[in-house]
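Enquirer: This is the structure I have questions about; it appears just below.
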Amino acid sequence: MLRKSFTLWGGDAVFDYGGRTGYEPISDTDRKEFHEQGFMLLRNVLTEDHRAALEAAVDRVYAEEKAAGNTTKDGTLHLLGFLERDELFGELLTHPIAFPYMWGLAGWNIYTHHNHLDVTPPALEPEKPYWGWHQDGYRQNSDPETMDPNLPRPMFSLKVAYVLSDLSEKGRGATKVIPGSHLWNSLPRPADLTVHNPDPEGTVEITANPGDAFIFDRRQWHSRSTNLSNITRKMLFVGYTYRWIRPLDELHPDKDGQWYKNRTPVQRQLLGEGTHTANYWGINWNGYVDDEIPLRKELKERGLLDRSIPWLR
1 MLRKSFTLWG GDAVFDYGGR TGYEPISDTD RKEFHEQGFM LLRNVLTEDH
51 RAALEAAVDR VYAEEKAAGN TTKDGTLHLL GFLERDELFG ELLTHPIAFP
101 YMWGLAGWNI YTHHNHLDVT PPALEPEKPY WGWHQDGYRQ NSDPETMDPN
151 LPRPMFSLKV AYVLSDLSEK GRGATKVIPG SHLWNSLPRP ADLTVHNPDP
201 EGTVEITANP GDAFIFDRRQ WHSRSTNLSN ITRKMLFVGY TYRWIRPLDE
251 LHPDKDGQWY KNRTPVQRQL LGEGTHTANY WGINWNGYVD DEIPLRKELK
301 ERGLLDRSIP WLR
């Protein structure tokens, strides 16, 4: 079924994306930029009414978590596995503008293994010195590594980050990245971490407007930053990886509940659904590709599989 708008269950809201379906292929230029830089800033991904609705949902979840004592003393919240907390969050899995970058850069055998909701109020006091630079993936940065330091590790996963608050100026707690660093297996670490150290050469703080989004390779060296402003930073991160990789966050959707029933077959795949163990590897038990995997089936019906791109074969 071609979805020509973003419609919430019960018809409570419709967000107009001009006929975008989430299955418009990305350009070769965008793919080249991502492979060279390791990240991309996407402008005006969310319509204003959609952004405002997402922010209201985040505010509700934040209030619930704060009441339960799950925020830090300064009110910061880093909530893993947030998708089930609102209908709007579930729809983000196949956002009509961001989703083409996920399958266009990682292929059809993917799902969300890691997603988090972040609320970062203004800092109450200057932070103690810290070194926050890292790559995502934990043991994915060690287990598959070769002895050749010049051979980059595999990407394995990527994220899309939706910006809900105004991060158009520096100092508002935005993510910092080093463009091109996804091809580095290591980053020099200062010897003395008890003092403030300058950011590595080439650091860029991702300044973005409300409704923008950015995508990044998990290998991209990145760091949080301190919110020195009077604006509360609000972000939603949705990570995608291959279905043969185990989940990082725990999701426990009620498969008999309305939230799960509202999900499309592709969204259910992205939530980890599969028919059998070999299916997660993209095949049937006969060893041939399973053309019934929902995202592969959707792309094939639309003529979007491409044998010249390995992950879209």
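Heads up, the sequence shown is in the UniProt record's numbering, so the first residue is 1 and it goes up one at a time.
Yeah, the Cβ is synthetic: ideal placement off N, Cα and C, and Gly gets one too.
Along the chain, where does the beta strand (DSSP E) containing T241 start, and where does it finish?
Expert: R233 to Y242
Enquirer: Can you tell me whether L295 is buried or exposed, with buried defined as 16 or more other CB within 10 angstroms of its CB?
Expert: buried
Enquirer: Of all the alpha helix (DSSP H) runs that stay within the bounds of the stretch 187-265, which reach a length of 4 or more residues?
Expert: 258-261
Enquirer: Once you ignore the five residues that flank E24 on each side, which residues in its own chain have a CB closer than 6 Å to its CB?
Expert: P100
Enquirer: Does Q258 pass the burial test, meaning 16 or more other C-beta atoms within 10 Å, or should it be called exposed?
Expert: exposed
Enquirer: Spatial neighbours of N227 within its chain, please: CB distance less than 8 Å, with the 5 preceding and 5 following residues excluded, ordered by chain position.
Expert: T120, P121, P122, A123, G171, R172, G173 and R233
Enquirer: Distance check for K261 and P247, CA to CA, integer angstroms please.
Expert: 21 Å
Enquirer: Quick one: what's D28 bridged to in DSSP?
Expert: Per DSSP, none; premise fails for D28.
Enquirer: On a Cα-Cα basis, can you pick out the residue from S186, D166 and R243 that is closest to M147?
Expert: S186
Enquirer: Expressed to the nearest angstrom, what Euclidean distance is found between the alpha-carbon atoms of I309 and H50?
Expert: 33 Å
Enquirer: What residue range does the beta strand (DSSP E) around D118 cover?
Expert: Membership of D118 in the beta strand (DSSP E) is indicated by the continuous run I110 to T120.
Enquirer: To the nearest angstrom, report how far apart G282 and G38 are at their CA atoms.
Expert: 26 Å
Enquirer: Give me, in chain order, the residues of the same chain whose beta-carbon lies closer than 8 Å to that of D306; leave out the 5 immediate sequence neighbours on both sides.
Expert: L312 and R313
Enquirer: Let me make sure I understand the geometry here. Which of A106, P126 and L42 has the alpha-carbon closest to that of Y162?
Expert: L42
Enquirer: Please report the distance separating the alpha-carbon of H78 from that of L299.
Expert: 34 Å
Enquirer: Determine, using beta-carbon pairs with one atom in the stretch 98-118 and one in the stretch 67-75, whether at least three such pairs fall under 8 Å.
Expert: With contact defined as three or more Cβ pairs closer than 8 Å, the stretch 98-118 and the stretch 67-75 are not in contact.
Enquirer: Rank D166, A13 and E205 by C-alpha distance to the C-alpha of S225 and give the top, closest one.
Expert: Here the closest residue by C-alpha is E205.
Enquirer: Can you give me the Cβ contacts of G274 inside the same chain, cut-off strictly under 6 Å, excluding the 5 residues immediately before and after it?
Expert: Y280
Enquirer: Might you give, ordered along the chain, the residues of its own chain that have their beta carbon closer than 7 Å to the beta carbon of S165, omitting 5 neighbours on each side?
Expert: P210, I231, T232, R233 and K234
Enquirer: So Y240 and S157 are in contact, right, with Cβ under 8 Å, and what is the actual spacing, rounded?
Expert: Sure, about 6 Å apart at Cβ, within 8 Å.
Enquirer: For the alpha helix (DSSP H) holding M102, just list the boundary residues, first then last.
Expert: Start and end: F99 to A106.
Enquirer: Around the C-beta of L80, are 16 or more other C-beta atoms found within 10 angstroms, so that it is buried, or is it exposed?
Expert: exposed
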